[in-house]
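>
Structure (structure tokens):
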């Protein structure tokens, strides 16, 4: 069974996250600035020239949310704010890793209908916030199942379909919304952002379709029967390859994203307080404004930069705790020295290759 400490860890992360983010929004002036922007008769995006698109689906509450979303996502993907765009790049490496792991977990039951909870949890993360929903997802996941054994791996068909789900459902919509303005004008980009916002649903849909196609092709190709042990071995090998490929992609994104930060740190970009490279210095890039600091932000873009870092750190802390609790070693008592050494090693891996790499690597370790 899951350790009793989960009843403390995940509620604490959720409550601490809510406290920090709500105080940040109020004390920095972000909440008031956002309210003023939306109250305008003709609200503009943070570039102060592109009109805010207000209708996307025809459902007023959903349209209102998608319009509000544009204030954070548009400056992240349009390249107008260098540090925020770089943060978006790091977010991409994390999302690929986290949603791949979540999708694999949902496929372990071998019931297609369990892709519905995956899509719903994913949409909740997108609409309510990674920092709020990820701790809840991890907590419910640990409560609802014992630590999974290898006998409950996804089918080979599901494993083979998963890369297409990530590529078509997540990667392609992400690339489209980041296209240059010459290809994607202001309001078209807002529509692309609204489409991207629902990527967990697209991933689940693509997974179902591709599983059906791959399953039909495999059935025609052969009716070869394998033993249960043989199937388990093949599925384990295929899943390990998938995890390794995902970890590699996530690490590559992280390492490439470190290049401008390291360049700024060693003076290659010659950052000054007024230059566009100033916020690429490690301390400025990685450390957001404290939640109790009453320094007022200069605009919506700076507010988005602060919020998205809190969102990233808090949600990822929950994801780390989740994969640690899923480790088979958590079922046996280890000395504090071993635990401390393991934590230090994972922190080092995270700094070098990113949190997505470490999360996926820990999930792969369960298969050994």
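In my numbering, the protein residues as written are 28 to 395. Don't be surprised by glycine CBs; every beta carbon is placed ideally from N, CA and C. Quick caveat: nothing in here was measured; it's all calculated off a predicted structure.
1) If you draw a straight line from the alpha carbon of residue 65 to that of residue 94, how long is it in whole angstroms?
2) Straight-line CA distance for residue 178 to residue 84?
3) Relative to the C-alpha of residue 388, which residue among 270, 306, 116 is closest?
4) Pull up the distance between the alpha-carbon of residue 111 and that of residue 317, whole angstroms please.
5) Assuming residue 192 and residue 230 are in contact, meaning their beta carbons sit under 8 Å apart, how far apart are those beta carbons, in whole angstroms?
6) Buried or exposed for residue 59, please, with buried defined as at least 16 other CB atoms from any protein chain shown within 10 angstroms of its CB.
7) The alpha helix (DSSP H) spanning residue 149 covers which residue range?
8) For residue 71, which of helix, strand or coil comes out of DSSP?
9) Could you name each continuous alpha helix (DSSP H) segment of 4 residues or more that falls completely within the segment 47-110, going from the start of the chain to the end?
10) Taking the alpha-carbon of residue 278 as reference, which of 225, 379, 259 has the nearest alpha-carbon?
11) Roughly how many angstroms separate the alpha carbons of residue 116 and residue 286, rounded to a whole number?
12) Using the C-alpha atoms, what's the distance from residue 288 back to residue 227?
13) How is residue 338 classed by DSSP in three states: helix, strand or coil?
14) Thinking just about the alpha-carbon of each residue, which of 334, 265, 282 is nearest to the one in residue 391?
15) Among the residues of its own chain, which have a CB less than 7 Å from the CB of residue 142, if the five just before and after it don't count?
16) So residue 105 packs on residue 216, CB below 8 Å; how close in whole Å?
17) Suppose you measure from the CA of residue 263 to the CA of residue 197; what does that come to, to the nearest Å?
18) Would you mind sorting residue 220 into buried or exposed? The rule is 16 or more other CB atoms within 10 Å of its CB.
19) May I ask you to report which of helix, strand or coil DSSP gives residue 386?
20) Look at the alpha carbon of residue 31 and the alpha carbon of residue 169, and state the distance between them as a whole number of angstroms.
21) Reducing DSSP to helix, strand and coil, say where residue 319 ends up.
22) Out of 395, 355, 344, state which residue places its alpha-carbon closest to the alpha-carbon of residue 374.
23) Do the CB positions of residue 339 and residue 118 come within less than 8 Å of each other?
24) Comparing C-alpha positions only, which one of 368, 382, 364, 319 sits nearest to residue 57?
25) Look up residue 262 in the DSSP assignment and say whether it is helix, strand or coil.
26) Please classify residue 53 as buried or exposed, where buried requires at least 16 neighbouring CB atoms within 10 angstroms.
On the basis of the data shown:
1) 9 Å
2) Caution applies to residue 178, whose pLDDT of 46 falls short of 50 and renders its modelled position unreliable; the value that the coordinates give is listed next. Rounded to the nearest angstrom, the two C-alpha atoms are 43 Å apart.
3) 270
4) 18 Å
5) About 5 Å separates the CB atoms of residue 192 and residue 230; that is less than 8 Å, so the two are in contact.
6) Looking at its Cβ environment, which holds fewer than 16 other Cβ atoms inside 10 Å, residue 59 is exposed.
7) 142-155
8) strand
9) 57-66, 87-104
10) 379
11) Just so you know, the alpha carbons of residue 116 and residue 286 end up roughly 12 Å apart.
12) 30 Å
13) The three-state secondary structure of residue 338, taken from DSSP, is helix.
14) Proximity to residue 391 across 334, 265, 282 peaks at 265, based on C-alpha coordinates.
15) 133, 231, 234, 235
16) 6 Å
17) Each residue's Cα considered, the two are about 25 Å apart.
18) buried
19) Three-state result, residue 386: helix.
20) 10 Å
21) coil
22) 344
23) Yes. Within cutoff.
24) For residue 57, the nearest C-alpha among the options comes from 319.
25) helix
26) exposed
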